[in-house]
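As structure tokens, the structure follows; a few thoughts come after it.
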Amino acid sequence: MDLLIHQVLSGLATGGIYASVALALVMIYQATHLVNFAQGEIAMFATYICWTMLNAGVPYWPAFFLTIVIAFVGGLLIERVIIRPVENSPVLSVVIVFIGLLVIFNSVAGWIYSYTIKPFPSPFPAEPLFGNTYVTSHELGSMAVTLVVLGLVFAFFRFTPLGLAMRAAAQNPASSRLVGVRVGWMLALGWGLAAAIGAVAGMMVAPIVFLEPNMFGGILLYAFAGALLGGIDSPGGAVIGGFLVGVIENVVGVYLGTELKLTVALIIIIGVLVLRPSGLFGKVHVARV
Amino acid sequence: MSAPLLQVRGLHAQYGPTRVLHGIDFEVKQGGITTILGANGAGKTTTLRAMCGMVRTEGQIMLAGERIDGKATEEVVRRGVAHVPDGRGTFMHLTVEENLRMGAYTRKDKEQVQADYERMYTYFPRLRERRRQQAGTLSGGEQQMLAVSRALMLRPRLLLLDEPSFGLAPRIVQEIFRIFREINQTEGTSMLLVEQNASLALQLADEAYLLETGRVVISGSAESIRNDEAVRRSYLGY
Amino acid sequence: MTRQDAAFQPPPRRALSSRQILGLAVLLVIACALPFVLGNYRIFQITLALAYAIALLGLNMLTGYNGQISLGHGAFFAIGAYTAAVLMDKANFPYWATIPIAGIVCLVAGFLFGLPALRLEGLYLALATFALGVAMPQILKHKSLEHWTGGAMGVVIIKPDAPAGIPLSQDQWLYFFTLFWVVVLFFAGWNLLRGRVGRALVAIRDQPIAAQAMGVNTAMYKSLTFGVSALYTGIAGALSAIAVQFASPDSFSVFLSLTLLIGVVIGGLASISGAFYGAIFIQFIPNLADQISKAAPWAIYGVFLIAFMYLMPSGVAGLVQIIRRRLSTVRAQPRDVPAVSLKGKEAR
């Protein structure tokens, strides 16, 4: 029983990571109807940038926030400079560009930082809170941080004019132009936000899985599974899906052993797609003939 | 006579390789209402789209003396041109309130914007009732009211209306057109109205142009065209 | 939608013009001459490229012509490869017999996968096939299949010799063997795609509901297309395994599936010649990238990918089409919609 509680809580912690990346995926999907395959690599690269700053002696929290800003600007620039020229190209061409980005970030990270695994510090104390045996301080702290970030993002979209404009631009770019929204910049902002969220996820997960260029491969897959499970066009659903996947992964790992963990993600993906493609909270699409 | 708010000279427009407008001229006077009539396929909707930079054009489009041809849609809108497109273009997944808020997106005067929400709800009480409902759940007539309100939230100098009567019950159409007239008279908003329902349009408008396969074939004051039985019979069908 | 999703219209073709037939004949002659001009290693590389071309044609049928996006075709490549390898290693089948068998196995596998895939569209199908592509290496390594597949170590096979009496090296012989299959499969594919079947596939891609309303059995076509596409890719996998002399799970990672998709898009969707352009790209550009930068070759590869998509979003075949059109016709003016003659009063 103890073990189960520990796995559930720890699953919620990693679930927070998956939820964040899933949210980033859904944000870009809503605006462009495309899944950004390069999301994980961008997050990984941002985490390396943080590592560089930490190594140069910058204290943790300033480095943390600076990384978020850098990731935001970076994501924005990527959209304006690299994605924009192919905005009106066929879908598959844009997918190839995403794959290109993925490969470039992965390779450049390996080149600059080498493929050896690096430890990444956690800002949270090493001793568990109140000496409990269920969850480490980092897992708790990471959960808290991801919840704060997700909360801020939701508040932004729900309550600010800019957030409303971004939602409108994602749903209906033509009508948004008709009210004066600069849709191109909304898209860029979306990318910036997605990159920033990914950076937070990276900095929270790196202490657990260690920093190396391929760290996000599995995480991206789990984030996909979470986004699909929750509903690829529902940001709230994607977040819940992410947490669910984290818990399921850990609980299944207890009973079936850890080599099959990746298979669990795959089964979730295939299961959702076959049984209920719109996910738990997504809208079921009725095609009007 | 004051200079026209909107002046169009030699406008050509095309979708891909297909040219739809072949050099048309028209204008909308300051505070006036101009209507463009014609059958399906004549190029009426294309004309409105051309005003907003939504199709490829050649020729001159001048708004209060400034050339706006070639400008991006959102830039034209920011110069005070509001377009109610055919199909209404409502944000289906946003609430009625959020739709109106989007209409006021480019405005800086917060208090006036609040007052304007009230104004819209006064024109269209149904919208007040359904404020927090998703726009996609509204009926056709209500969506049209919402589309018009959203456009008015911009406090535009020029209002472009694409077949506002389409698919609406006559009673609602009368109501909407009454509101157009009121807005034109109290706010001085100029309007460019595209309509298939010629009699309705000619009652509201000051000037009229008749398009046929991308060319202007008749133009003149709405009154003179209304009274010209021969034109009405052969071109407007009534 | 502002994107030109339906931009890839295969040019309507009936029979080939005599000029095209001549061109193909010349190409065939050159192809047959190559093994005697180039060294064994180059021939080996070109053999692999030819195998890829078959795979790309298969994937193109599914994705380009029929609009079903697959990010998991590496799985069928793997099934074909393992079928050939296991038959040769465990059952002592001669190499040439494994090809049709690999094809049939993959035809069935593809068809079976295509059936549930009917319910999935666009993004969802892409993700499902992606999951298939990711899962395949794990499945191949699984304990229960280890006896056949050799687990993580894979299966090693012996490179076949040229038949007795023919003075060709192994690489040269394999090249001609592969070339034979290329000719057969491309001719069959071309026939299939230029006729009713091809039109039905494109109709299903562009307007599925209208196609169905016109009596096209959409479900049957789509599943069959999956099957045939898998057949082609499986044969390609078998040919490639024989050339490379082994099959191991890690050679069929999801990256292979991505590579195949890259090949199809770069070569040109809904285009038969595109299969060749794409095959050349995926076989040789990684080598080129490696030469440009030893430190970060994949970064260079990524730059190539992005550059290609900027310059030719419709692939090499699309670019070739554009160039052909520019060279042969006078630049077209925008066509005027013919005006109705006007009666009565004139404007102003």
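Protein chains in written order, with the numbering used here: chain V, 1 to 289; chain H, 1 to 238; chain L, 1 to 348.
Just so you know, even glycine gets a beta-carbon here, dropped at the ideal spot from N, CA and C.
For residue 162 of chain H, no alpha helix (DSSP H) segment is defined; the enclosing uninterrupted segment is the beta strand (DSSP E) at 158-162.
Using a C-beta cut-off of 8 Å, the region 148-165 of chain L makes contact with the region 247-254 of chain L, since at least three inter-stretch Cβ pairs fall below that distance. Assigned with DSSP and collapsed to three states, residue 128 of chain L falls in helix. Taking residue 105 of chain V as the centre and dropping the five residues before and after it, the same chain places the C-beta of 38, 41, 42, 44 and 45 closer than 8 Å to its C-beta, in chain order. Cβ-Cβ separation between residue 51 of chain V and residue 118 of chain V: approximately 7 Å, consistent with a contact (criterion under 8 Å).
Judged by DSSP secondary structure, residue 111 of chain H falls within the alpha helix (DSSP H) whose first and last residues are 110-123. Positions of the beta strand (DSSP E) runs, each at least 3 residues long and wholly inside the region 31-98 of chain H, are given as 33-37, 56-63 and 81-84 in order along the chain. With a cutoff of 9 Å on beta-carbon distance, residue 257 of chain L and residue 73 of chain L are scored as near each other. Sorting H/139, H/57 and H/16 by C-alpha distance to the C-alpha of residue 96 of chain H places H/139 at the top. Taking residue 326 of chain L as the centre and dropping the five residues before and after it, the same chain places no C-beta closer than 8 Å to its C-beta. Residue 44 of chain L and residue 235 of chain L have their C-alpha atoms spaced approximately 17 Å apart.
For residue 103 of chain H, the nearest CB of chain V lies under 9 Å from its own CB, placing it at the interface with that chain. Think of a sphere of 8 Å around the beta carbon of residue 111 of chain V: the chain L residues whose beta carbon falls inside it are 295, 296 and 299, in chain order.
For the region 121-149 of chain L, the residues whose beta carbon sits under 7 Å from a beta carbon of chain V are, in order, 123, 124, 127, 128, 131, 134, 135 and 138. With fewer than 16 other Cβ atoms from the protein chains shown falling within 10 Å of its own Cβ, residue 18 of chain L counts as exposed. Contacts between residue 89 of chain H and chain V, judged by CB atoms closer than 8 Å, involve 172, 174, 175 and 178 in chain order. Residue 25 of chain H sits in a strand when the DSSP states are folded into three classes. Interface residue (Cβ-Cβ distance to chain V less than 9 Å): residue 314 of chain L is classified as such.
Here residue 124 of chain L is buried: its Cβ has 16 or more other Cβ atoms, across all protein chains shown, within 10 Å. For residue 165 of chain V, the chain H residues whose C-beta falls within less than 8 Å of its own C-beta are 102 and 105, listed in chain order.
Listed along chain V are 177 and 178, each with a C-beta nearer than 7 Å to that of residue 73 of chain H. Boundaries for residue 218 of chain H: no alpha helix (DSSP H) harbours it, while the beta strand (DSSP E) harbouring it runs 215-221, taken from the DSSP string. In the DSSP assignment, residue 11 of chain H forms a beta bridge with H/24.
Residue environment: residue 169 of chain L is assigned as exposed (fewer than 16 neighbouring CB atoms within 10 Å of its CB, all protein chains considered).
Looking at the DSSP output, residue 209 of chain H bridges to H/36 and H/219. With contacts defined as CB atoms closer than 9 Å, residue 130 of chain L and residue 224 of chain L fail to qualify as a contacting pair. When rounded, the separation of the alpha-carbon atoms in residue 213 of chain V and residue 221 of chain V is 15 Å. In the structure shown, the three-state DSSP call for residue 155 of chain L is strand. Sequence-ordered contacts of the region 255-270 of chain L with chain V read 258, 261, 262, 264, 265, 266 and 269 [C-beta pairs closer than 9 Å]. When Cβ pairs closer than 8 Å are counted between the two stretches, the region 148-162 of chain V is seen to touch the region 192-200 of chain V, the count reaching three or more.
Taking C-beta atoms as the reference points, residue 35 of chain V and residue 232 of chain V count as a pair closer than 9 Å. Each of V/95, V/282 and V/139 was checked against the Cα of residue 11 of chain V, and the nearest Cα belongs to V/139. The continuous stretches of alpha helix (DSSP H) do not include residue 194 of chain H, which lies in the beta strand (DSSP E) extending over residues 190-195.
The beta carbons of residue 10 of chain H and residue 23 of chain H sit about 5 Å from each other, so the pair counts as a contact at 8 Å.
Cβ neighbours of residue 72 of chain H within its own chain (closer than 7 Å, five residues either side excluded): 53. Shown in chain order are the members of the region 181-209 of chain V whose Cβ falls below 8 Å from a Cβ of chain H: 181, 182 and 183.
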